[in-house]
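Counting from 1 along the sequence shown, just add 245 to a position and that's the residue number in our numbering.
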Amino acid sequence: MTGTIELAPGAAGLAVDSWAWPLTGALAGALAGALVGRDTELAVIGEFLRRAGGRALILTGEPGVGKTALLDAAAEQSASAGIAVLRASGVESETGVPFAGLHQIFAPLAEEFGGLSGPHRAALTVALGFSSGPAPDHLLVCNATLTLVRSVSQARPLLLVVDDLHWLDQASAVVLGFLARRLAGTTAGLLAAALPYEPGSFMRTGLAELELRPLDEAAASRLMSSAFPLLPARTRQRLLAQARGNPLALLELPRVLGEHGHQPTGALGTVLPLGRRLRKSTRRGWLNCRSGRGTRC
Ligand SMILES: Nc1ncnc2c1ncn2[C@@H]1O[C@H](COP(=O)(O)OP(=O)(O)OP(=O)(O)O)[C@@H](O)[C@H]1O
Ligand SMILES: [Mg+2]
246 MTGTIELAPG AAGLAVDSWA WPLTGALAGA LAGALVGRDT ELAVIGEFLR
296 RAGGRALILT GEPGVGKTAL LDAAAEQSAS AGIAVLRASG VESETGVPFA
346 GLHQIFAPLA EEFGGLSGPH RAALTVALGF SSGPAPDHLL VCNATLTLVR
396 SVSQARPLLL VVDDLHWLDQ ASAVVLGFLA RRLAGTTAGL LAAALPYEPG
446 SFMRTGLAEL ELRPLDEAAA SRLMSSAFPL LPARTRQRLL AQARGNPLAL
496 LELPRVLGEH GHQPTGALGT VLPLGRRLRK STRRGWLNCR SGRGTRC
């Protein structure tokens, strides 16, 4: 974690605390069984959700560290507390499609577009590809989106959940960044996740971040033991050292080893086989799982 979490401040003179959401119970308590070693992060996210109206929080961390798992938990908990949840996720193949991300998150609100002013409605419907016309002015799309969110969240608190910001098309990243910095005074909140070092990080300017660190030793060991209770101690120690607290590696390394026919009593080679996700992240230089002992994974 990046020390103290500073949540985005409310607008001058606005008592942000008065926008508390109807979230009951502690997120940490409800999810303690599902996610290993994330009590602190769940408490921070739970606190954010209780006061999320008017705020934004971005989870950052290396591939596989558990960003999506935490977003899923937060979305599920919020929905069960009666908060409307809209989700989108940056997709690599859509990074070149302007407003593709915005389409994902706001298409479910299409019926509400009728309440917007003519210029806002026109800008948003053209941006999302619901009608044709000249490319809309980005500021008009930004304001249309803000107006929409303000209006919809008046009826019911709204949580926007956006995963993989680094794959979001630039036009959507601009609009969502604009929106996230102007939620004060609304009962809408935005919770997002991104790699710490990828393009699109400009969207995060001025927003509160929670950095997810790898699991500590005890939690890593707990996770691997609960998922693979029959691993011999020596193999477990080697895989724990290799995974270095990354939940994806903790779950993927033993599974792939088994798929490669490794016998529980057999000796491990110097190079461990990787699964699809670890290979992909390594190829992109986001993780280094290339070779054997001691390699960061
Ligand atoms: N704290 C945890 N306890 C148990 N399982 C976890 C935990 N964190 C993550 N996982 C599991 O580890 C795997 C990787 O997590 P996840 O997909 O959330 O990572 P990510 O940070 O979103 O990765 P990416 O950057 O590649 O999207 C998933 O199978 C997830 O369910
Ligand atoms: Mg993810």
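Each residue gets a CB set at the ideal place from its N, CA and C atoms; glycine is no exception.
Return the residue from the list Val-342, Leu-428 and Ser-396 that minimises the CA-CA distance to Glu-356.
-> For the purposes of this step, residue 356 is identified with residue 111 of the sequence shown, where counting begins at 1. For the residues Val-342, Leu-428 and Ser-396, the minimum Cα distance to Glu-356 belongs to Ser-396.
Pairwise C-alpha distance: Thr-392 and Leu-384 = Along the sequence shown, read from residue 1 onward, the residue named residue 384 stands at position 139. Along the sequence shown, read from residue 1 onward, the residue named residue 392 stands at position 147. Cα to Cα, Leu-384 sits roughly 12 Å from Thr-392.
C-beta atoms of Gly-195 and Leu-440 nearer than 8 Å = Missing from the structure shown is residue 195; the chain here goes from 246 to 542 and no further.
Assumed close pair Asp-414, Glu-307 - CB separation to whole angstroms, cut-off 8 Å = Here residue 414 refers to the residue found at position 169 of the sequence shown. Here residue 307 refers to the residue found at position 62 of the sequence shown. About 23 Å separates the two Cβ atoms, so there is no contact after all.
Taking 5 Å as the limit, tell me which residues put their C-beta closer than that to any heavy atom of ligand 1, in chain order.
-> Leu-280, Val-281, Arg-283, Pro-308, Gly-309, Val-310, Gly-311, Lys-312, Thr-313, Ala-314, Pro-492 and Leu-493
Mind the definition here: the stretch 474 to 482 touches the stretch 310 to 318 only if three or more C-beta pairs lie below 8 Å; say whether that holds.
-> no
According to the neighbour-count rule (16 or more other Cβ atoms, all chains shown, within 10 Å of its Cβ), is Gly-274 buried or exposed?
-> Here residue 274 corresponds to residue number 29 of the sequence shown, with the count starting at 1. With a pLDDT of only 49 at Gly-274, under 50, the local geometry of the prediction cannot be trusted, and no value is derived from it.
Identify the continuous beta strand (DSSP E) that holds Ile-303 and give its terminal residues.
-> Here the question's residue 303 lines up with position 58 in the sequence shown. Here the beta strand (DSSP E) through Ile-303 covers 301 to 305.
Contact the stretch 323 to 342 vs the stretch 455 to 464: 3+ CB pairs below 8 Å | no
Whose C-beta lies closer than 6 Å to the C-beta of Leu-268 among residues of the same chain, with five residues either side of it excluded?
-> To locate residue 268, count along the sequence shown from 1; it is residue 23. Note that Leu-268 has pLDDT 48, beneath the 50 cutoff, so the model's placement of it is unreliable and the number below is only indicative. So the qualifying residues of the chain are Leu-294, Arg-295 and Ala-326.
Cβ-based neighbour list, Ala-425, same chain, cut-off 6 Å, excluding 5 preceding and 5 following | Indexing the sequence shown from 1 puts residue 425 at position 180. For Ala-425, where only same-chain residues beyond five positions count, the Cβ hits under 6 Å are Ala-301, Leu-435 and Leu-452.
What's the call for Ser-323, buried or exposed, on a 16-neighbour Cβ count within 10 Å?
-> By 1-based counting over the sequence shown, the position of residue 323 is 78. Under this definition Ser-323 is a buried residue.
How big is the Cα-Cα spacing for Leu-404 and Gly-430?
-> Locating residue 404 in the sequence shown gives position 159, where the first residue counts as 1. Locating residue 430 in the sequence shown gives position 185, where the first residue counts as 1. So the two alpha carbons sit approximately 14 Å from each other.
C-alpha gap between Leu-373 and Gly-422, whole angstroms = Along the sequence shown, read from residue 1 onward, the residue named residue 373 stands at position 128. Along the sequence shown, read from residue 1 onward, the residue named residue 422 stands at position 177. Spanning the two alpha carbons is a distance of roughly 17 Å.
Tell me whether Gly-291 sits in a helix, a strand or coil according to DSSP, three-state version.
-> On the sequence shown, residue 291 is found 46 positions in, with the first residue counted as 1. Helix, per DSSP.
Determine, using beta carbons only, whether Leu-523 and Ala-438 come nearer to each other than 8 Å.
-> Position 278 of the sequence shown, counting from 1, holds the residue named residue 523. Position 193 of the sequence shown, counting from 1, holds the residue named residue 438. No.
Please state whether DSSP places Val-326 in a helix, a strand or coil.
-> Along the sequence shown, one-based indexing puts residue 326 at 81. Correcting the residue identity first, residue 326 is Ala in this sequence and not Val. If DSSP states are grouped into helix, strand and coil, Ala-326 belongs with coil.
Where are the alpha helix (DSSP H) runs, 4 residues long or more, that stay fully inside the stretch 413 to 447, in chain order?
-> 415 to 425
Beta carbon of Asp-317: closer than 7 Å to some heavy atom of ligand 2?
-> Taking the sequence shown and counting its residues from 1, one reaches residue 317 at position 72. Result no, Cβ not under 7 Å from ligand 2.
Consider the C-beta atom of Asp-382 and the heavy atoms of ligand 2; say whether any pair is separated by less than 7 Å.
-> Taking the sequence shown and counting its residues from 1, the one referred to as residue 382 is at position 137. No - ligand 2 has no heavy atom lying nearer than 7 Å to the Cβ of Asp-382.
Please report how far the alpha carbon of Met-469 lies from the alpha carbon of Gln-482, in whole angstroms.
-> The sequence position of residue 469 within the sequence shown is 224, counting from 1. The sequence position of residue 482 within the sequence shown is 237, counting from 1. Rounded to whole angstroms, Met-469 to Gln-482 spans 10 Å at the Cα level.
Can we count Asp-409 as close to ligand 2, meaning its CB is less than 7 Å from some heavy atom?
-> For the purposes of this step, residue 409 is taken as the residue at position 164 of the sequence shown. It does: the Cβ of Asp-409 is within 7 Å (strictly closer) of some heavy atom of ligand 2.
Return yes when the Cβ of Ala-318 is within less than 8 Å of the Cβ of Ala-279, no when it is not.
-> Mapped onto the sequence shown, residue 279 falls at position 34. Mapped onto the sequence shown, residue 318 falls at position 73. Yes, the Cβ-Cβ distance between Ala-279 and Ala-318 is below 8 Å.
Report the option in Leu-347, Val-289 and Leu-457 whose CA atom is closest to the CA atom of Val-406.
-> Sequence index remark: in the sequence shown, residue 406 carries index 161 (1-based). Comparing Cα-Cα distances from Val-406 to each of Leu-347, Val-289 and Leu-457, the minimum goes to Leu-347.
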